[in-house]
Structure formats: C-alpha cells, structure tokens
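Chemist: From first to last, the protein sequence lines stand for chains A and B. End of the first sequence = 207 in my numbering, gap-free, step of one. End of the second sequence = 207 in my numbering, gap-free, step of one.
2 protein chains.
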Amino acid sequence: MPKRVDHGERRALIADALMRVAAEHGLEAVSLRHVAAEAGVSPGMVQHYFRTKDEMMTFALAVVREHSEARVTRAAAALGDHPAPRTLLRTMLVELLPLDEARRADGRVALAFLAYTAVRPSVAAALHQGTAALLDFLARQIRAAQATRPIDQRVDPDRAAVGLLAVMEGLGIYLLGGHYPAETALAALDSHLDLICGPVVDEAP
Amino acid sequence: MPKRVDHGERRALIADALMRVAAEHGLEAVSLRHVAAEAGVSPGMVQHYFRTKDEMMTFALAVVREHSEARVTRAAAALGDHPAPRTLLRTMLVELLPLDEARRADGRVALAFLAYTAVRPSVAAALHQGTAALLDFLARQIRAAQATRPIDQRVDPDRAAVGLLAVMEGLGIYLLGGHYPAETALAALDSHLDLICGPVVDEAP
DNA sequence: GCTTTTACAATGCAGCCGCAATGTAAAAGC
DNA sequence: GCTTTTACATTGCGGCTGCATTGTAAAAGC
Numbered sequence: 003m004p005k006r007v008d009h010g011e012r013r014a015l016i017a018d019a020l021m022r023v024a025a026e027h028g029l030e031a032v033s034l035r036h037v038a039a040e041a042g043v044s045p046g047m048v049q050h051y052f053r054t055k056d057e058m059m060t061f062a063l064a065v066v067r068e069h070s071e072a073r074v075t076r077a078a079a080a081l082g083d084h085p086a087p088r089t090l091l092r093t094m095l096v097e098l099l100p101l102d103e104a105r106r107a108d109g110r111v112a113l114a115f116l117a118y119t120a121v122r123p124s125v126a127a128a129l130h131q132g133t134a135a136l137l138d139f140l141a142r143q144i145r146a147a148q149a150t151r152p153i154d155q156r157v158d159p160d161r162a163a164v165g166l167l168a169v170m171e172g173l174g175i176y177l178l179g180g181h182y183p184a185e186t187a188l189a190a191l192d193s194h195l196d197l198i199c200g201p202v203v204d205e206a207p
Numbered sequence: 003m004p005k006r007v008d009h010g011e012r013r014a015l016i017a018d019a020l021m022r023v024a025a026e027h028g029l030e031a032v033s034l035r036h037v038a039a040e041a042g043v044s045p046g047m048v049q050h051y052f053r054t055k056d057e058m059m060t061f062a063l064a065v066v067r068e069h070s071e072a073r074v075t076r077a078a079a080a081l082g083d084h085p086a087p088r089t090l091l092r093t094m095l096v097e098l099l100p101l102d103e104a105r106r107a108d109g110r111v112a113l114a115f116l117a118y119t120a121v122r123p124s125v126a127a128a129l130h131q132g133t134a135a136l137l138d139f140l141a142r143q144i145r146a147a148q149a150t151r152p153i154d155q156r157v158d159p160d161r162a163a164v165g166l167l168a169v170m171e172g173l174g175i176y177l178l179g180g181h182y183p184a185e186t187a188l189a190a191l192d193s194h195l196d197l198i199c200g201p202v203v204d205e206a207p
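Shown next, in the form of structure tokens:
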C-alpha cells in the first residue's frame with residue numbers, strides 16, 4: 003500500500019490541520035501532536051512528511067499565502083473580462099478583509115504568522131516579492147481609474163497603492179480585534195477609494 | 003529588608019524584561035524562567051509578583067498600551083500649545099510608526115500581542131475603548147484641518163479617521179516586515195494626509 | 001521471489017514548561 | 001522581644017515539547 007502517495011497532498015492535509023489549530027488557539031498551540039490529532043493521523047506521520055517543525059511552519063506559511071492569493075484571483079475572475087478598475091480594486095480588497103468566519107479564521111492565522119515572521123526575518127523575505135507584485139498591480143489599476151479625473155486631482159498612483167494596501171491591512175486587523183463593525187470598515191474603505199479614484203460613476207451607456 | 007517594596011515598580015521591571023524577550027524571540031519564547039533571567043532575578047520572584055503567567059501577560063499588555071500612549075502624548079506636547087491640526091496628526095501617527103530600533107522593538111511586541119489577543123477575545127476587550135478614544139480625537143483634528151477647504155472637498159471626518167488609523171497600522175506592519183523602506187511609508191502617509199486635509203499650507207503671516 | 005524502498009506507527013528521551021510547596025530571612029506590629 | 005507578615009529563593013512534580021530511534025508491513029524494482 004505505501005509508495006504511491008502524493009506528498010504534496012499529504013503535506014497540504016497536515017498544513018490545513020495546522021491552520022485550524024492556529025486559528026483557534028494561536029500558533030503557540032501548534033505542536034506535532036496537536037496538529038496530528040487535528041488531522042486525525044499519527045504524530046509519526048507528521049514527522050514523516052516534515053522532518054522538523056520549522057519545515058512544517060514554513061510550508062504552512064506558504065499555504066496561507068497561496069490561500070489568500072487564490073481567493074483574490076477567484077473574486078477578480080468572477081467580475082468578468084473587463085471590470086471597471088475601481089470595481090476590481092474594491093472587490094479584491096474586500097475579499098481580503100475578515101468579513102465572514104472563514105476569512106476571520108484565515109486572518110487570525112495570517113496575523114499569527116505576521117508576528118511569527120517578525121522575529122524570523124529570514125522566513126519573511128519570501129513575502130516581500132508578493133507584496134511588491136500586489137502593489138504594482140494596485141498602482142496600475144489606480145492609474146486606470148484616475149484616467150477620467152482632471153489631472154490636478156490625481157494622486158501619485160504608487161503612493162496611493164501603498165496607502166491603499168496599508169488601509170486594507172489595518173482595517174483587517176481592527177476588524178479581527180473587533181474594534182468596530184464591518185460596516186465601519188467598509189465605509190472607510192469606500193471613502194478612501196473615493197479619494198483616490200474619484201466617486202463612483204454610473205457606467206450605463 | 004522586605005516589606006517596603008513598590009509592587010507596581012517590580013511588576014513594571016518584570017514586564018520590561020518580558021517585552022525585551024518578546025521583542026527578540028516572540029511571545030512564545032516568554033516563560034517564567036526566561037523573563038526572570040532577562041530581568042536578572044530568580045524565577046521565584048516573578049512568581050511572587052504574578053501568581054499566574056496569564057496575569058503577567060495581561061499586565062504586560064497594559065504596559066505596552068501605556069508605552070505607546072505616553073509616546074504619542076509626549077510627542078504631541080512637544081509641539082507646543084496650538085499646533086496646526088495636520089501637523090499634530092502627522093506627528094502623532096509618525097510617532098507610532100516603527101522607524102527606529104526602539105519603536106521597532108515596541109512594534110514587534112505590539113504585533114505579538116495583537117495575535118495573542120486575537121485568540122483570547124476577553125483580553126482584547128480592554129483595547130477597544132482606547133481605539134474609540136483615539137478615533138474620536140483623530141476625527142476632531144481632521145475636522146479642524148478641513149476648516150479651510152471648500153465644503154465639497156471635505157471628507158466625512160469619522161470615516162477618514164478610521165481610514166487614517168488603519169493606514170498607520172498597516173504601514174507599521176509592512177515596515178516591521180521590511181516590505182518597503184521608511185521613506186515609502188512616510189510618502190504614502192503624507193499623500194494620504196494631503197487627501198484628507200488638503201496639501202500643506204505655509205502658515206507664516 | 002527476493003531485495004530495496006517507501007510509508008507509516010510506536011516508543012523513548014532529554015529538556016523545558018507552569019505551578020505548587022517549602023524554606024528562610026528580615027522588617028513591621030504589638 | 002516576640003509574633004506575624006512580607007519578600008523572596010529553592011526544589012520538585014507532572015505534563016508537554018521536538019526529535020531520534022526502531023519496528024513493521026506493503027508496494028516497486030529487478
């Protein structure tokens with residue numbers, strides 16, 4: 003029976019269990035035995051697929067990143083072929099906000115890993131590239147959204163992209179902490195988009 | 003020799019050691035023995051002043067909050083009696099950004115506690131009040147800063163306050179992660195303030 | 001068919017954990 | 001001066017940790 007198992011699949015299964023543990027009790031509750039129990043497998047198996055705990059953590063971090071990437075890609079694809087830039091921006095950012103329990107769980111895990119990587123800079127380096135790519139994409143959409151504005155009302159798209167991503171991150175964190183309700187965060191996000199792109203315009207012909 | 007010791011002082015001493023450990027190795031490295039060693043005292047003494055680890059953590063969390071509160075209060079006071087609202091806003095927010103090693107350390111600890119409270123909602127409740135007060139203050143300053151703008155260019159101050167605080171938080175996190183340099187964050191912050199308050203005006207008579 | 005490799009499971013171990021219990025010495029209160 | 005209280009230091013215990021080791025059974029390769 004051995005031999006023909008998909009390693010990546012097993013690792014993903016274990017990483018999923020890890021994320022469930024982390025979402026509920028925090029990363030410090032993540033141990034080989036806890037994760038194994040959550041995944042319904044033996045601790046030995048976890049050790050078989052990850053030689054060290056650190057290897058498992060690094061893999062799980064990558065999975066978290068891919069999760070949110072997949073989420074935003076899917077949401078963007080659902081908008082069809084040529085969505086208005088502002089609509090696309092809003093859709094992507096809202097998708098990353100912890101607005102339902104699934105995204106709250108993901109958010110808690112992401113936050114835990116944020117703190118985790120803050121004291122392990124070498125692990126964090128892999129994330130920089132993703133951030134840079136995202137910023138680049140945001141800046142391009144902002145530029146497109148600004149096309150209809152008078153030139154003197156346009157903000158520097160690169161700076162605006164940094165600000166916009168920061169707003170999303172910050173709103174997400176305050177939402178996770180339950181500091182204010184979802185509507186407050188959404189209203190602030192829309193206000194911010196108004197400032198950057200100009201107010202929404204009806205696009206009917 | 004016993005009997006005349008300031009309990010609060012000792013607890014602060016221990017909490018400081020805790021924060022040093024947390025800043026360097028993360029909250030999961032915080033143990034009674036580690037903290038005691040960092041503080042240069044016996045583990046027994048730590049136990050004497052905090053009956054449980056949770057009590058110690060809660061106390062340290064409060065200290066973190068007070069630290070940043072004191073920091074921003076001091077920075078604001080240094081501006082004199084009637085600073086321009088926009089100057090006050092910028093000074094306060096910049097003070098909260100992790101721009102030097104001291105603030106980076108504080109930031110790492112704050113981030114760790116953010117993740118910590120995310121899975122312990124009861125502990126987090128105490129922070130909501132502080133956020134609400136800060137938002138209120140920011141909104142008032144934004145309102146004042148907008149006084150010179152044409153009415154149709156004014157943003158809702160309450161929404162703007164939420165967005166502004168979120169921007170600061172987000173920028174701080176990306177700075178801690180080393181995703182971009184300080185100048186990028188500062189430029190984005192200034193751009194954002196431009197959007198909310200209008201560009202800087204020279205105040206010379 | 002026999003060997004090798006793979007996929008686990010089980011056990012064990014040294015080290016750290018929070019915490020309780022106990023001991024001790026000095027100041028405070030009477 | 002004697003008792004009580006306070007301020008620690010020390011020790012120990014049960015439990016959990018990551019990880020190395022060993023065992024076992026089944027498929028793959030020849």
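Glycine included, each C-beta is placed from N, C-alpha and C at the ideal position. Here the structure is a predicted model, which means the values were calculated and not measured.
Between the Cα of Gly132 (chain A) and those of B:Val65, B:Leu195, B:His181 and B:Gln143, spot the shortest distance and give me the residue it belongs to.
Modeler: For the purposes of this step, residue 132 (chain A) is taken as the residue at position 130 of the first sequence. Residue B:His181 is the option with its Cα nearest to Gly132 (chain A).
Chemist: Leaving out five residues on either side along the sequence, give the residues of the same chain with a beta carbon under 6 Å from the beta carbon of Ala187 (chain B).
Modeler: The residue labelled residue 187 (chain B) in the question sits at position 185 within the second sequence. Excluding positions up to five away in sequence, the list reads Leu173 and Leu177.
Chemist: In chain order, what residues of the region 145-161 of chain B put their CB closer than 8 Å to some CB of chain A?
Modeler: Those residues of the region 145-161 of chain B that come within reach of chain A (Cβ to Cβ, closer than 8 Å) are Val157, Asp158 and Arg161.
Chemist: Against chain A, does Val169 (chain B) count as a neighbour if the rule is that its beta carbon must be under 7 Å from one of theirs?
Modeler: Along the second sequence, read from residue 1 onward, the residue named residue 169 (chain B) stands at position 167. Judged by the 7 Å Cβ criterion, Val169 (chain B) is in contact with chain A.
Chemist: According to DSSP, is Gly2 (chain B) part of a helix, a strand, or is it coil?
Modeler: Shown here, chain B extends from 3 to 207; a query on residue 2 (chain B) therefore has no answer.
Chemist: With distances taken from CA atoms, which of A:Ala78, A:Arg145 and A:Met58 is nearest Leu34 (chain A)?
Modeler: Within the first sequence, the letter at position 32 stands for residue 34 (chain A). Leu34 (chain A) has its Cα closest to that of A:Met58, out of A:Ala78, A:Arg145 and A:Met58.
Chemist: If you drop the 5 nearest sequence neighbours on each side, which residues of the same chain put their C-beta closer than 7 Å to that of Leu195 (chain A)?
Modeler: Walking along the first sequence from the start, residue 195 (chain A) turns up at place 193. The answer, listed in chain order, is Arg88, Leu91 and Arg92.
Chemist: Count the C-beta pairs between the region 6-18 of chain B and the region 49-64 of chain B that are closer than 8 Å, then say yes if the count reaches three, no if not.
Modeler: In short, these stretches touch, since the Cβ pair count reaches three.
Chemist: Closest Cβ-Cβ distance between Arg208 (chain A) and chain B: below 7 Å?
Modeler: Because chain A is modelled from 3 through 207, residue 208 (chain A) falls outside the range shown and cannot be assessed.
Chemist: Using alpha carbons as the reference points, say which of A:Met47, A:Thr60, A:Leu20 and A:Asp18 lies closest to Ala126 (chain A).
Modeler: On the first sequence, residue 126 (chain A) is found 124 positions in, with the first residue counted as 1. With distances taken between Cα atoms, Ala126 (chain A) lies closest to A:Thr60.
Chemist: Do the region 67-86 of chain B and the region 72-79 of chain A touch if we need at least three Cβ pairs shorter than 8 Å?
Modeler: Judged by Cβ distances under 8 Å, the region 67-86 of chain B makes no contact with the region 72-79 of chain A, as fewer than three pairs qualify.
Chemist: When the cut-off is 7 Å and only beta carbons count, does Thr186 (chain A) lie next to chain B?
Modeler: Working through the first sequence from its first residue, we reach residue 186 (chain A) at position 184. For Thr186 (chain A), the answer is yes, since a Cβ of chain B falls inside 7 Å of its Cβ.
Chemist: Cβ closer than 9 Å: which chain A residues qualify as neighbours of Ser193 (chain B)?
Modeler: As a working mapping, residue 193 (chain B) is identified with position 191 in the second sequence. Going along chain A in sequence order, the residues near Ser193 (chain B) (Cβ under 9 Å) are Val157, Asp158, Arg161, Ala162, Val164 and Gly165.
Chemist: Helix, strand or coil: how does DSSP classify Pro100 (chain B) here?
Modeler: Numbered from 1 along the second sequence, position 98 holds the residue referred to as residue 100 (chain B). It is coil, neither helix nor strand.
Chemist: Give a yes or no on whether the minimum CB-CB distance between Leu113 (chain A) and chain B is below 7 Å.
Modeler: Counting from one through the first sequence, the residue named residue 113 (chain A) turns up at place 111. Closer than 7 Å: yes.
Chemist: Please report the residue range of the alpha helix (DSSP H) in which Phe61 (chain B) lies.
Modeler: Within the second sequence, the letter at position 59 stands for residue 61 (chain B). That run of the alpha helix (DSSP H) goes Lys55 to Ala79.
Chemist: Could you check which residue in A:Arg6, A:Gly46 and A:Ala64 has the C-alpha nearest to that of Met21 (chain A)?
Modeler: Along the first sequence, one-based indexing puts residue 21 (chain A) at 19. Considering only alpha carbons, the answer is A:Ala64.
Chemist: Can you name the residues of chain B whose CB is closer than 7 Å to the CB of Thr93 (chain A)?
Modeler: Locating residue 93 (chain A) in the first sequence gives position 91, where the first residue counts as 1. Correct list: empty, because the minimum Cβ distance to chain B is about 18 Å.
Chemist: Confirm, please, whether the CB-CB distance from Val111 (chain A) to Asp24 (chain A) is below 7 Å.
Modeler: Residue mapping note: residue 24 (chain A) aligns to position 22 of the first sequence, counting from 1. Residue mapping note: residue 111 (chain A) aligns to position 109 of the first sequence, counting from 1. The sequence shown places Ala at residue 24 (chain A), not Asp. Against a cut-off of 7 Å, the Cβ pair of Val111 (chain A) and Ala24 (chain A) comes out as a contact.
Chemist: Under a three-way DSSP split, which group does Ala206 (chain B) fall into?
Modeler: Along the second sequence, read from residue 1 onward, the residue named residue 206 (chain B) stands at position 204. Any reading at Ala206 (chain B) must be qualified, since the residue scores a pLDDT of 47, below 50, and its modelled position is unreliable; no value is offered.
Chemist: Leu167 (chain B) and Leu137 (chain B) look like a contact to me (Cβ under 8 Å); what is the Cβ gap, rounded to whole Å?
Modeler: Translated into positions along the second sequence, residue 167 (chain B) becomes position 165. Translated into positions along the second sequence, residue 137 (chain B) becomes position 135. So it is a contact: roughly 6 Å between Cβ atoms.
Chemist: Can you name the residues of chain A whose CB is closer than 7 Å to the CB of Ile175 (chain B)?
Modeler: Along the second sequence, one-based indexing puts residue 175 (chain B) at 173. Ordered by position in chain A, the residues that pass the 7 Å Cβ test against Ile175 (chain B) are Leu116 and Glu171.
Chemist: Are the C-beta of Leu197 (chain B) and some C-beta of chain A separated by less than 7 Å?
Modeler: Here residue 197 (chain B) refers to the residue found at position 195 when the second sequence is read from its first residue. Yes, its Cβ sits closer than 7 Å to a Cβ of chain A.
Chemist: Under 8 Å Cβ-Cβ, which residues of chain B neighbour Glu26 (chain A)?
Modeler: As a first step, residue 26 (chain A) is located in the first sequence; it is residue number 24 there, counting from the start. By Cβ distance, chain B contributes Val121.
Chemist: Relative to the alpha-carbon of Gly42 (chain B), which residue among B:Leu29, B:Ala62, B:Ala19 and B:Gly28 has its alpha-carbon at the smallest distance?
Modeler: The residue you call residue 42 (chain B) lines up with position 40 of the second sequence. Per the Cα distances, B:Ala19.
Chemist: Under 7 Å between beta-carbons, which chain B residues line up against Gly200 (chain A)? List them in chain order, please.
Modeler: As a working mapping, residue 200 (chain A) is identified with position 198 in the first sequence. By Cβ distance, chain B contributes nothing, its closest Cβ being about 12 Å from Gly200 (chain A), past 7 Å.
Chemist: Look at the Cβ atom of Phe115 (chain B), then the Cβ atom of Val66 (chain B), and state whether they are nearer than 7 Å.
Modeler: Within the second sequence, the letter at position 113 stands for residue 115 (chain B). Within the second sequence, the letter at position 64 stands for residue 66 (chain B). Taking 7 Å as the Cβ cut-off, Phe115 (chain B) and Val66 (chain B) qualify as a contacting pair.
Chemist: Contact criterion: CB-CB distance below 7 Å. Does Glu205 (chain A) meet it with respect to chain B?
Modeler: Taking the first residue of the first sequence as 1, we reach residue 205 (chain A) at position 203. Reliability of the predicted coordinates at Glu205 (chain A) is poor, the pLDDT of 49 falling under 50, and the value obtained from them is presented with this limitation in mind. With 7 Å as the cut-off, Glu205 (chain A) does not count as an interface residue toward chain B.
Chemist: Between which two residues does the alpha helix (DSSP H) carrying Ala41 (chain A) extend?
Modeler: Numbered from its first residue, the first sequence carries residue 41 (chain A) at position 39. Residues Leu34 to Ala41.
Chemist: Considering just the uninterrupted stretch of the alpha helix (DSSP H) at Phe139 (chain B), what are its terminal residues?
Modeler: Looking up residue 139 (chain B) in the second sequence gives position 137. Taken as a continuous stretch (DSSP letters only), the alpha helix (DSSP H) holding Phe139 (chain B) covers Pro123 to Ala147.
Chemist: Find the nearest neighbour of Ser70 (chain B) within the set B:Thr119, B:Leu98 and B:Pro152, judged by alpha-carbon distance.
Modeler: The sequence position of residue 70 (chain B) within the second sequence is 68, counting from 1. For the residues B:Thr119, B:Leu98 and B:Pro152, the minimum Cα distance to Ser70 (chain B) belongs to B:Leu98.
Chemist: Exposed or buried, Asp83 (chain A), counting other C-beta atoms within 10 Å across all chains shown (16 or more means buried)?
Modeler: Taking the first sequence and counting its residues from 1, the one referred to as residue 83 (chain A) is at position 81. Counting Cβ neighbours within 10 Å, Asp83 (chain A) comes out exposed, since fewer than 16 surround it.
Chemist: With a 10 Å radius around its C-beta and 16 neighbouring C-beta atoms as the bar for buried, classify Asp108 (chain A) as buried or exposed.
Modeler: Looking up residue 108 (chain A) in the first sequence gives position 106. With 16 or more Cβ atoms within 10 Å of its Cβ, Asp108 (chain A) is classed as buried.
Chemist: My assumption, with CB atoms under 8 Å, is that Ala141 (chain A) sits in contact with Asp160 (chain A). Please give the rounded CB distance.
Modeler: As a position in the first sequence, residue 141 (chain A) is number 139, starting the count at 1. As a position in the first sequence, residue 160 (chain A) is number 158, starting the count at 1. The pair is a contact, with the Cβ atoms about 5 Å apart (cut-off 8 Å).
Chemist: Pull up the distance between the alpha-carbon of Pro152 (chain B) and that of Ile175 (chain A), whole angstroms please.
Modeler: Mapped onto the second sequence, residue 152 (chain B) falls at position 150. Mapped onto the first sequence, residue 175 (chain A) falls at position 173. Cα-Cα distance, rounded: 33 Å.
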